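Chemist:
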Amino acid sequence: MKKNLTLLLCLIGILGTNLSSAQCDMTTAQAELDANNIRARLPHGGSLWWDGSNDGKYIAPKDGNVSALFAGGLWIGGFDPGGNLRIAASTYGKLLGEADYWAGPLTETGTTTASVCNDYDRFWEMTHDDILTHRADFEADGTVDGPIPERVLAWPGRGNPNSLTINGFELPVTAQGMAPFVDVNADGLYTPQDGDYPDINNAESALWYVFNDAGNVHTESEGEPLNFEIQVLAYAYVSGTPEINNSTFYDYKIVNRGIEAIDSTFVGLWIDPDLGCILDDYFGCSPERDLVYTYNSDALDGLSDCDDCLGIPTYCETIPMLGIKVLDGPLAARTFGENDALEIPQIGEPGDTIIETGMTSFTFHVPSGISPPPIPVFEPSAPAEYYSYLNGRWTDDTRMTVGGDGFNPNSTDYTNYVFPDNPADPQGWSMCGIEAPSGDRRIVMGMGGFRLEPGAVNTFSLAVVFVEDVPHPCPDLSILESAVDLVEAFYDNNPMTSTEEIVHHDSQVRMQPNPLVSSGQLILTDLGNQVENVNLYNIDGQLLRQYEQINAGQLTIERGDLPPGLVIYKLTTKQAKVYTGKILVH
13 MKKNLTLLLC LIGILGTNLS SAQCDMTTAQ AELDANNIRA RLPHGGSLWW DGSNDGKYIA
73 PKDGNVSALF AGGLWIGGFD PGGNLRIAAS TYGKLLGEAD YWAGPLTETG TTTASVCNDY
133 DRFWEMTHDD ILTHRADFEA DGTVDGPIPE RVLAWPGRGN PNSLTINGFE LPVTAQGMAP
193 FVDVNADGLY TPQDGDYPDI NNAESALWYV FNDAGNVHTE SEGEPLNFEI QVLAYAYVSG
253 TPEINNSTFY DYKIVNRGIE AIDSTFVGLW IDPDLGCILD DYFGCSPERD LVYTYNSDAL
313 DGLSDCDDCL GIPTYCETIP MLGIKVLDGP LAARTFGEND ALEIPQIGEP GDTIIETGMT
373 SFTFHVPSGI SPPPIPVFEP SAPAEYYSYL NGRWTDDTRM TVGGDGFNPN STDYTNYVFP
433 DNPADPQGWS MCGIEAPSGD RRIVMGMGGF RLEPGAVNTF SLAVVFVEDV PHPCPDLSIL
493 ESAVDLVEAF YDNNPMTSTE EIVHHDSQVR MQPNPLVSSG QLILTDLGNQ VENVNLYNID
553 GQLLRQYEQI NAGQLTIERG DLPPGLVIYK LTTKQAKVYT GKILVH
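Using the working numbering, you'd call the opening residue of the sequence shown number 13 and step up by one each time.
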């Protein structure tokens, strides 16, 4: 149970009712992403991972019962042309009957109805096998002859003519679109009868849903709505590569459905990073990798012993690390300031160039009901405080400073990132380095700022990467960084994730030896006689070598000039099946 949170709420006498009876009700739908070694709960709306009550549901590995994350939530803030702050945020509002997000899309003038919210309080699931079945049918002779899998038929792609029959309502046809799909006949509409199929990035399984911040009064942040529509594709891959098999992915699309531009917009992810036991966690960030992470404060997950954590399951002595990586950040305009430094334009001003922002800040706060240290790291309770955290500032809008707990009003050594150094570096600025007291804190990673015109779209993508059994205390961040680099390469590498080919990760290819050492050879065996070619790529997706027309049961790879580090192989059979894996080169 989450630190007896429900009991605490009862004791302070807060009623779990919505303060407004207008329009939409709170979302209730939940789904589970359960394709690989992770079982991740997805509640509808702006929340992530928790079940809406007292349990974190990011179970890793999924054959256990330990959660590596408790909860997450989407925060968005920006200013309208009048300089008024608009905010939407999600933390634990559902426990109080509070919400800033409701199910469903918005009209092109930023409105919705209770009926629409109710219709969209659901998830659309898609599987790799359903797409394969549908594609094989169409590609055999250019027509769809057999029955279309129901999930493919129901997919809420733009203008799907089957939606009224399958889903019970018609889909909006807007320029910004709905669920992603491959438009085989290039007519701009999702028509599976013409061979179109869902685009889930060749994942094994995916969930798509849509929500908005204009369905009712913002009772969680108490902010004014942005009139934004948010579409999410959550997905996972099954892989023989542990780093991929232990990851989940999230693509966000944000549409401004209002009639005014929103300026200086920041998006962020609020995270309650409970790694097993909720009372002994540390956290940090790697700004150069757009990465935040959590780890244990000591060598035992639990208090006096593994079972001592308020009855919460722990990782005991086999402690993991978990990172959340920004794969693609929002795009934003910037101006060239003094010494060509890139600066956020003034409200209403155009920029000189467009950049991908990545993670622009990382900060933390303590939960309500806990006496904080004498610095302004309280849980936000007003719109401006949410926006301050999104900007990497404290609740009183003071700048974070380097060193200690990040708060020093007498310092001008400003930073946007707390605890950016490797925990294994005793001289570095990390929670290990300052020997911070362990506890239960929340973290916020921010991305921005950018201007979103009416009808405009911005996107960002995240991966959650779980690494099992990392030596503690003060673990070496490079272990997690190596896993994150591999996941990023997998995500970026077109040969592995292009929608023009389906990738398989259950290959029986064997490698001896692995790693491949200096002046050595690596033998890929059990290839059969159906291999067309084998390509080798570095983690940036650059082609290193090609082996073509292989008609033998094995392939010998010379170490030669292969660079040290991870090398990814892509094996294509004569039947156009694709298998991938990794080689470690020393």
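A virtual CB, placed ideally from N, CA and C, is assigned to each residue, including glycine. The structure presented is a predicted model; accordingly, all values stated were derived computationally and were not measured.
#1: T410 to P421, Cα distance in whole Å?
#2: Can at least three beta-carbon pairs, one atom from the region 184 to 202 and one from the region 56 to 65, be found at a separation below 8 Å?
#3: Is the beta carbon of P210 closer than 7 Å to that of F223?
#4: Count the other C-beta atoms from every protein chain shown that fall within 10 angstroms of the C-beta of Q243, then say buried if there are 16 or more, exposed otherwise.
#5: To the nearest angstrom, report how far apart Q188 and E493 are at their CA atoms.
#6: Compute the beta-carbon to beta-carbon distance between P332 and L287, rounded to the nearest angstrom, for a pair I have assumed lies under 8 Å.
#7: When you compare the region 462 to 476 with the region 216 to 235, are there three or more beta-carbon pairs, one atom per stretch, that lie closer than 8 Å?
#8: At what residues does the beta strand (DSSP E) containing D340 begin and finish?
#9: Please report the straight-line C-alpha distance between L118 and E272, rounded to a whole angstrom.
#10: Run the CB neighbour count on S298, radius 10 Å, all protein chains shown included, and call it buried at 16 or more, exposed below.
#11: Identify, in the order they occur along the chain, each residue of the same chain with its Cβ nearer than 7 Å to the Cβ of R147, setting aside the five sequence neighbours on each side.
#12: What are the start and end residues of the beta strand (DSSP E) that includes R163?
#13: What would DSSP say about R170, mapped onto helix, strand or coil?
#14: Check whether the Cβ atoms of N49 and N258 sit closer than 7 Å, and answer yes or no.
#15: Would you check if the region 145 to 164 and the region 243 to 252 touch, i.e. whether three or more CB-CB distances between them fall below 8 Å?
#16: Can you tell me whether T413 is helix, strand or coil according to DSSP?
#17: Looking at the secondary structure, which residues open and close the beta strand (DSSP E) in which V430 lies?
#18: Excluding the five sequence neighbours on either side, which residues of its own chain have a C-beta within less than 8 Å of the C-beta of T509, listed in chain order?
#19: Pick out whichever of M443, D320, N172 has its Cα sitting closest to the Cα of D206.
#20: Report the option in I356, M138, C444 whose CA atom is closest to the CA atom of S217.
#21: Quick one: measure Cβ to Cβ for P168 and W87, integer angstroms, because I've assumed they're closer than 8 Å.
#22: Apart from the five residues on each side of it in sequence, which residues of its chain come closer than 6 Å, Cβ to Cβ, to S175?
#23: Give the range of the alpha helix (DSSP H) segment to which Y401 is assigned.
#24: Are E357 and M459 close, meaning C-beta to C-beta below 7 Å?
#25: Among L489, V469, N428, which one has its Cα closest to the Cα of T6?
#26: How about G90 and S276: are their beta carbons less than 7 Å apart?
#27: When the distance is taken between beta carbons, is T39 closer than 7 Å to D8?
#28: Identify, in the order they occur along the chain, each residue of the same chain with its Cβ nearer than 7 Å to the Cβ of G280, setting aside the five sequence neighbours on each side.
#29: Measuring alpha carbon to alpha carbon, tell me which of E465, T424, T123, D284 ends up nearest M375.
#30: May I ask you to list the residues that DSSP assigns as paired with N308?
#31: Within 10 Å of its beta-carbon, does S251 have 16 or more other beta-carbons around it, so buried, or fewer, so exposed?
#32: For P237, does the count of other Cβ atoms within 10 angstroms reach 16, so buried, or fall short, so exposed?
#33: Where do the ends of the beta strand (DSSP E) carrying D284 lie?
#34: When you compare the region 111 to 126 with the region 320 to 327, are there three or more beta-carbon pairs, one atom per stretch, that lie closer than 8 Å?
#35: Taking the alpha carbon of T306 as the reference point, which residue from L555, I99, D488 has its own alpha carbon closest?
#36: Quick one: is G85 buried, meaning 16 or more other Cβ sit within 10 Å of its Cβ, or exposed?
Modeler: Looking at the coordinates:
#1: 8 Å
#2: No, the region 184 to 202 does not touch the region 56 to 65.
#3: no
#4: buried
#5: 35 Å
#6: 7 Å
#7: no
#8: 333 to 340
#9: 15 Å
#10: Counting the other Cβ atoms within 10 Å of the Cβ of S298 gives 16 or more, which makes it buried.
#11: Y209
#12: Where R163 is concerned, there is no enclosing beta strand (DSSP E), although the alpha helix (DSSP H) it sits in stretches over 162 to 166.
#13: Assigned with DSSP and collapsed to three states, R170 falls in coil, not helix or strand.
#14: yes
#15: no
#16: Shown here, T413 sits in a strand according to DSSP, grouped into three states.
#17: Note, V430: premise wrong, no beta strand (DSSP E); not H, not E.
#18: Here the model assigns T509 a pLDDT of 38, short of 50, so the residue's position is not dependable, and the following value carries that caveat. Contacts found: N213, N214, F502, Y503, V515.
#19: N172
#20: M138
#21: With a Cβ gap of about 26 Å, P168 and W87 do not count as contacting.
#22: Answer for S175: E182, L183, listed in chain order.
#23: 395 to 402
#24: The amino acid occupying residue 357 in the given sequence is Pro; Glu does not appear at that position. No, Cβ-Cβ distance for P357 and M459 is not below 7 Å.
#25: The chain is shown from 13 up to 598; residue 6 falls before or after that span and cannot be answered.
#26: yes
#27: Since the first and last residues shown for the chain are 13 and 598, residue 8 lies out of range.
#28: W87, L402, V456, M457, G458, M459
#29: Here the sequence assigns Thr to residue 375, which means Met is not the residue at that position. Comparing Cα positions, the closest option is D284.
#30: DSSP lists D293 as the beta-bridge partner residues of N308.
#31: buried
#32: Label assigned to P237: buried.
#33: It spans 274 to 284 - the beta strand (DSSP E) in which D284 sits, taken as one unbroken run.
#34: no
#35: Considering only L555, I99, D488, the residue with the shortest C-alpha distance to T306 is D488.
#36: buried
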